[in-house]
Amino acid sequence: MNPETAIASKSQAPPAGGHRATERVREILSWYGSDNPGTKTSIARLLNHGTLAGTGKLVILPVDQGFEHGPARSFASNPTAYDPRFHFELAIEAGCNAYAAPLGFLEAGASEFAGEIPLILKANNHDVLHDEKDPLSAVTGSVHEALRLGCCAIGLTIYPGSANATKMYEQVQAIAEEAKKNGLAVVVWSYPRGSDISKAGETAIDVVAYAAHIAAQLGAHIVKVKLPSDHIEQDEARKAYEKNAIPIGTLAERVRHVVQGTFDGRRIVIFSGGAKKDNDEEILNEARAIRDGGGQGSIIGRNSFQRKKPEALKLLRSIIAIYSGTAR
Amino acid sequence: MNPETAIASKSQAPPAGGHRATERVREILSWYGSDNPGTKTSIARLLNHGTLAGTGKLVILPVDQGFEHGPARSFASNPTAYDPRFHFELAIEAGCNAYAAPLGFLEAGASEFAGEIPLILKANNHDVLHDEKDPLSAVTGSVHEALRLGCCAIGLTIYPGSANATKMYEQVQAIAEEAKKNGLAVVVWSYPRGSDISKAGETAIDVVAYAAHIAAQLGAHIVKVKLPSDHIEQDEARKAYEKNAIPIGTLAERVRHVVQGTFDGRRIVIFSGGAKKDNDEEILNEARAIRDGGGQGSIIGRNSFQRKKPEALKLLRSIIAIYSGTAR
Amino acid sequence: MNPETAIASKSQAPPAGGHRATERVREILSWYGSDNPGTKTSIARLLNHGTLAGTGKLVILPVDQGFEHGPARSFASNPTAYDPRFHFELAIEAGCNAYAAPLGFLEAGASEFAGEIPLILKANNHDVLHDEKDPLSAVTGSVHEALRLGCCAIGLTIYPGSANATKMYEQVQAIAEEAKKNGLAVVVWSYPRGSDISKAGETAIDVVAYAAHIAAQLGAHIVKVKLPSDHIEQDEARKAYEKNAIPIGTLAERVRHVVQGTFDGRRIVIFSGGAKKDNDEEILNEARAIRDGGGQGSIIGRNSFQRKKPEALKLLRSIIAIYSGTAR
Amino acid sequence: MNPETAIASKSQAPPAGGHRATERVREILSWYGSDNPGTKTSIARLLNHGTLAGTGKLVILPVDQGFEHGPARSFASNPTAYDPRFHFELAIEAGCNAYAAPLGFLEAGASEFAGEIPLILKANNHDVLHDEKDPLSAVTGSVHEALRLGCCAIGLTIYPGSANATKMYEQVQAIAEEAKKNGLAVVVWSYPRGSDISKAGETAIDVVAYAAHIAAQLGAHIVKVKLPSDHIEQDEARKAYEKNAIPIGTLAERVRHVVQGTFDGRRIVIFSGGAKKDNDEEILNEARAIRDGGGQGSIIGRNSFQRKKPEALKLLRSIIAIYSGTAR
Amino acid sequence: MNPETAIASKSQAPPAGGHRATERVREILSWYGSDNPGTKTSIARLLNHGTLAGTGKLVILPVDQGFEHGPARSFASNPTAYDPRFHFELAIEAGCNAYAAPLGFLEAGASEFAGEIPLILKANNHDVLHDEKDPLSAVTGSVHEALRLGCCAIGLTIYPGSANATKMYEQVQAIAEEAKKNGLAVVVWSYPRGSDISKAGETAIDVVAYAAHIAAQLGAHIVKVKLPSDHIEQDEARKAYEKNAIPIGTLAERVRHVVQGTFDGRRIVIFSGGAKKDNDEEILNEARAIRDGGGQGSIIGRNSFQRKKPEALKLLRSIIAIYSGTAR
């Protein structure tokens, strides 16, 4: 079989093996002109792996729920997920671009699965044994650990709106600087939360767009936010939305607004699936809205690993098919 | 030939290409006798770039609004401004002396526009998702990042009057020390704010002059404050103003007072334009007052980038013309 | 399905995109049990790229000739090779596993070709402007530079037999330790040379096997040596070869002996093509002997880049076909 | 006068003051894709200063003769040149792109002339009080000193062919790595010399091209070599020149060959004027040959500062006119 | 209960698992009063492992022959020994106290055999591809590598008598200091050799005793020397031996003299077996003489791994039985 034909017939095939990167990947890399070739290579590794390789789209499996919510809430519904190797296998078999997890989960499989799936070290974490209004993540990983484990990126959560946000911004500053020196990419989970933000405000369009913008200003290469609602939280912001008639009626419009607010689309923005949903169609519709709004992809945790592997694979592959264009 | 005349007659010609610095630039550099030649060179780069090169005056484009107020409030009125490249282009084409922005915005253009406009890394930032009485900026940049991005200065905000002011003064101390070792200039945005200062007090003449003085005492080479009103906030201060009959009736007088309070004019003091104004003449009058009061220039953010580029260029060039002497 | 067969039938398909590593790759990685997952990932990146991805075989393009012999001797026969981008393109288009070059050549393309071909920073070099009996390579790169450029390995030459060998062994010790901490792989070029070794001795079977063993003892993950002749250089060694009747009559037997001497085949050993040859069949026969003797592959420099690109591609692909099993 | 017209009428005017960089400068910067924006900015500062600003050509004044040959041999013919300020003024008034000197000479003027001329810290040096066959330069400056003095580049000499060349290559490796991290450019003076090279060989075409290539492989952004003669020093090289019929008959052809050998023209190569010549026309003819051969410019030391200032200015300006196209 | 009896009656049972160390081990540890508990623990690990655990005696398997003499001379007579795992297994199964080898050999098994046998990293090495009168070992390992691989000691060779001895003494100084800080033990192989020592002198009693003393003075915890002959090399020494009528007639007397010279027995001294011998009884007699002379044990390389495993095990166990007292 001729390799050219092979590639042509299955467009998701990664550009490795004698081919230049796709135009789209090269375009995305051009957004990161201040980064060294090492960091560009790490971003390319994420973009060139899995079923979506070369498309510029990303579906990432994140599993930090055990730390965030405890093991029973996270894994009891699918007990094979207690085993860290389950998540490596799920990400690999589903054709994801990457797997993101805290230090311990990565340590428990990085050697066995070396080279099989790009890894993102989730390097700060938060738990709910202490329940605070203004959350603060603890730094639980480092750039050295990311290099030791073969990761291509380091991930950090910030909680804009928290009285402790300043500390987390400074975590990002210090760790991102070190990561970039060493050729790693930086992923920032930006989740508004805190004493001055209402529950509805955490996913309000103005707040989510603002949170994504902050992550990009902090130097993130990849920004991850929750899907925004059409609620507007801040009065001053409402004036701007109304005066400028910013369209936020549909989910796709809101995605588009977030992407625009994140350097006019010149940073990769991906969206999280949130809590487990019973209705798969709802999840797929979200992926369609992300795609239609110009989002770069999804990061799907609880909705994948909290079900049996065959169903998890089915869902992840359905989402991937939406991004790859092989499904509507 | 008198250097002032020389500059006046060919105001756009940069002093490079076979010329000594102007007398005025050399005079300004003489104020910074404790600084190493690297820092002096960085100050000179700011003074020798753009339309005002050589005049000793500065017009700087700052764009940290996205971080401070969120993207929609900042850019929705001129959506091309969502793209970080817009601001580089605006600063360059308007003939500004420099462009100041947070890490992410600089990273998104520093390579593409290398060498075209002096850059100032705005290395701490604050957002309004958490609304506090006593604001604290987060450190979001570093001297190493400034060097990596080719900046000639690092900029920091302090909020004198905040219960957290101490922490920000210490940010300035540590970062300015490191910046000066490495040949960078230090710009301090000094914005009084906090639980003990009234809204009117934030721009009161006594408070602004005090805030500018603190910035200079912290070692800033360039101090940026808001234009002061004739309100006097502090009773103890009022006695001094009244006893000594300090003239603060006109804006130019107040500018002169602030400049005097900042080492008798031996530090560069520039003034911010504040929120977007509908009336351009008001903005130009402010520039005239700054000029007449002996201020070194303006830092114009929202009033420039929140309008379409042709209008933004028109306004910036009008302001620059006031400082260069080609307009009244 | 047998992994060998699988690979044979779709030889260009990289193992990325939803697949576990091949059995062979996992077996090879098992040899490096003392290495961290980062280094294993880097070795896997080399093994999983290009046409030979997954087979456990490697064909690498090395271009340090410009430094070693000067530009005219290296590139005048194919002047497009003066351009550093030529070599990136050649390695990518030929389907090589990796491209190895000194700092300058990598810097001249690492950004443009980020993520398209695994890179090896050749971090010491030697030139012939000073002609010495006992050569010493200069350290011309570092682990930090390798990370900055996105390399997955660092390469160093040792000249066993040189009076300066001690210094080069110590270069390897220090740099390999740092590389392994940071998740890089280590490639050692082991080329016997020096005042006590005859010209024939430089490729003598006893000397080459010894040189390969030294490289492995120094901690190399990948050892590169020249193809050995049946000459025996050292008298003490001859006794061992004769007493134990070690078969060294054919090139394949000699390759097998070198591989055995390098930890009984538990380290990757690849062989260099040497000076440009006029007869392609001779080069292909060497590849066949390497394959038959259990060598891991070839590193082909002058015989590829010193010819026009179509011929270079043709030769490299013919060699790769021998290793992949699609050609005899 | 309209600034647009101003620029149009004197094409060498620097791109500062409201203009994007010239196409040529942007093209040159594109060669350095692995460098951070800081280093690109430093290269741009060199390219955008002086009469040749924006043309992509460089004329640099280097004054390390005092260290290399002693003060009397260097300055007695023009005693005003004993004063370090003379050289700053000469470089500035002549419209040079930069001034390069050892630590002491820069310290003696960097503050007084801050911002008036880009500086290059010549960070290793050699003297003739100890006369050795195989010279070794001493490290006499550092990246920190370059930053402290406001330099945009650090310069290092290597003597390929010296038995001590290895040590100097390692100086370049360590210092260039540090320089690039901190946003400086790296200039390497590559002067073949040593026990195995004949006097004629020091400027032999094969040796000079080889020396330039080594400097580029060591990571230099700017390579400085002597003008080559048509002598060929090494027998192995002669075969390559003859077999490939490399044209080296004229000086322009030899310049072209050196430029080609230095990454096919994708690194800046400039040529030194050498010892003082009596005949100015000879010097100008050399500049014409450098221009015609595609060299990036000249570095003119003894032929400028060893004459009275008016004559020195006249010569430097004549050379600059050749590069700018205003003279034949 | 007498500790000797205790050991004799259950010779393979290590004292671990609920027992205090034997009196003898505690006595030996008392010699190292200046060492931190970490280093004492490391010495105890060596003394408490294998058949001789608790006896204060040591039999160690060293395999650096591949580096020192090349793979064919080392392993061709027993080809299974090409595989690094063979040596781990041999040391474990024979009941040795420890296994000592260079970096590469340890890396090739340290993970697989973790915790099964105390490891000594042989951290400098010499090869015979360059034949010099005054040998110098290259540093091929480090304290960090020893810690990474789980070693309890680091081993270094010195060649007293070599013109390069100074360099090796300084290697020991630096590495031993670092090792002791990190809780490792230090083993020094002290082998007199060099241009001023005759072949017979290398094992002369005066020279061997002197070499052992130097090792102890350099801070070695364990000193390894060759068995001495009754030859006296140095005239000045001969006077002392004769004047004081030092008994050196039997091997046991000479062992006793070496032990006395090494801090009167307050340092562990072990003796090497040397080249492969055909007559096992000769080897066993040497062990008896070491035991009778108060030596601490043997380090047996070529005489063990150069034979098939069953014979190698038989010999090692016979030697161990001599030290444990279960054989004569």
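The listed protein sequences derive, respectively, from chains A, B, C, D and E.
End of the first sequence sits at 328 in the numbering used here; the numbers just go up one at a time, nothing left out.
End of the second sequence sits at 1328 in the numbering used here; the numbers just go up one at a time, nothing left out.
End of the third sequence sits at 2328 in the numbering used here; the numbers just go up one at a time, nothing left out.
End of the fourth sequence sits at 3328 in the numbering used here; the numbers just go up one at a time, nothing left out.
End of the fifth sequence sits at 4328 in the numbering used here; the numbers just go up one at a time, nothing left out.
All C-beta atoms in this analysis are idealised placements derived from N, C-alpha and C, irrespective of residue type, glycine included.
For the C-beta of Ser1111(B), the chain D residues within less than 7 Å are, from N- to C-terminus, Pro3037, Lys3040.
Boundaries of the alpha helix (DSSP H) around Val3207(D): 3205-3217. By the beta-carbon neighbour count (other beta carbons within 10 angstroms, threshold 16), Lys2122(C) is buried.
Within a 10 Å sphere around the beta-carbon of Pro1247(B) sit fewer than 16 other beta-carbons, which makes this residue exposed. Under DSSP, Ala4100(E) shares a beta bridge with Pro4062(E), Ile4120(E). Setting aside the 5 residues that flank it on each side, Gly38(A) is surrounded in the same chain by Asn182, Gly183, Leu184, each with a C-beta closer than 8 Å to its C-beta; the list follows chain order.
The beta carbons of Glu3068(D) and Val3139(D) sit about 15 Å from each other, so the pair does not count as a contact at 8 Å.
Arg24(A) sits away from Glu2116(C), with the two beta carbons spaced by 9 Å or more.
Using a Cβ-Cβ cut-off of 9 Å, Thr4157(E) does not count as an interface residue toward chain C, since no Cβ of chain C sits closer than that to its own.
Judged by their CB atoms, Ser2042(C) and Leu4149(E) are not nearer to each other than the 9 Å cut-off. Remark: C-beta atoms of His4126(E) and Ser4137(E) approach each other more closely than 9 Å. Inclusion of Ile290(A) and Leu315(A) in the CB contact set at 9 Å is not warranted, their separation being larger than that value. About 4 Å separates the beta carbon of Gly3297(D) from that of Leu3058(D), a gap short enough to meet the 8 Å contact definition. Per DSSP, Thr1055(B) lies in no alpha helix (DSSP H) and is assigned neither H nor E. Listed along chain B, the residues sitting closer than 8 Å to Ile246(A) by beta-carbon distance are Ala1072, Ala1076.
For the segment 2204-2231 of chain C, the set of residues with a beta-carbon nearer than 9 Å to any beta-carbon of chain E comprises Ile2205, Asp2206, Val2207, Ala2209, Tyr2210, Ala2211, Ala2212, His2213, Ile2214, Ala2215, Ala2216, Gln2217, Leu2218, Gly2219, Ala2220, in chain order. The C-beta distance from Val3269(D) to Val3208(D) rounds to 10 Å, too long to meet the 8 Å contact threshold.
Residue pairing from DSSP leaves Lys1167(B) without any beta-bridge partner. Using a Cβ-Cβ cut-off of 7 Å, Arg45(A) is close to Gly2115 of chain C, given in chain order. A straight line joining the alpha-carbon of Ala3098(D) with that of Leu2313(C) spans about 45 Å.
Partner residues in the beta bridge of Lys1224(B), as assigned by DSSP, are Trp1189(B), Ile1270(B). Comparing alpha-carbon positions, the option among Ala287(A), Ala72(A), Val63(A), Asn78(A) lying closest to Ile322(A) turns out to be Ala287(A).
Counting C-beta pairs closer than 8 Å gives fewer than three between the segment 2225-2240 of chain C and the segment 4152-4160 of chain E, which falls short of the contact rule.
A contact is defined here as three or more CB-CB pairs under 8 Å, and the segment 1080-1088 of chain B meets this definition with respect to the segment 250-265 of chain A. With respect to the C-alpha of Phe3075(D), the residue from Ala3153(D), Gly3301(D), Arg3328(D), Gly3325(D) having the closest C-alpha is Gly3301(D). For Leu1061(B), the nearest beta carbon of chain A is not closer than 9 Å to its own beta carbon.
Using a CB distance below 8 Å, the part of the segment 2120-2152 of chain C facing chain D consists of Asn2125, Asp2127, Val2128, Leu2129, His2130, Asp2131, Glu2132, Leu2136, Ser2137, Ala2138, Val2139, Thr2140, Gly2141, Ser2142, His2144, Glu2145, Arg2148, Leu2149, ordered along the chain. Comparing alpha-carbon positions, the option among Leu147(A), Arg254(A), Ala216(A), Arg317(A) lying closest to Val187(A) turns out to be Ala216(A).
For Ala3072(D), the uninterrupted alpha helix (DSSP H) run begins and ends at 3071-3075, by DSSP.
Residue contact with chain D for Gly2194(C): absent (no Cβ-Cβ distance below 9 Å to any residue of chain D).
By the beta-carbon neighbour count (other beta carbons within 10 angstroms, threshold 16), Arg2328(C) is exposed. DSSP places Ile3197(D) outside both helix and strand once states are collapsed to three, so it counts as coil. As a beta-bridge residue in DSSP terms, Gly1155(B) pairs with Lys1122(B), Val1187(B).
In this structure, Lys1180(B) lies away from Ser3111(D), with their beta-carbon atoms at least 9 Å apart. Lys181(A) has a beta carbon lying within less than 9 Å of a beta carbon in chain C.
Judged by DSSP secondary structure, Ser1030(B) falls within the alpha helix (DSSP H) whose first and last residues are 1023-1030.
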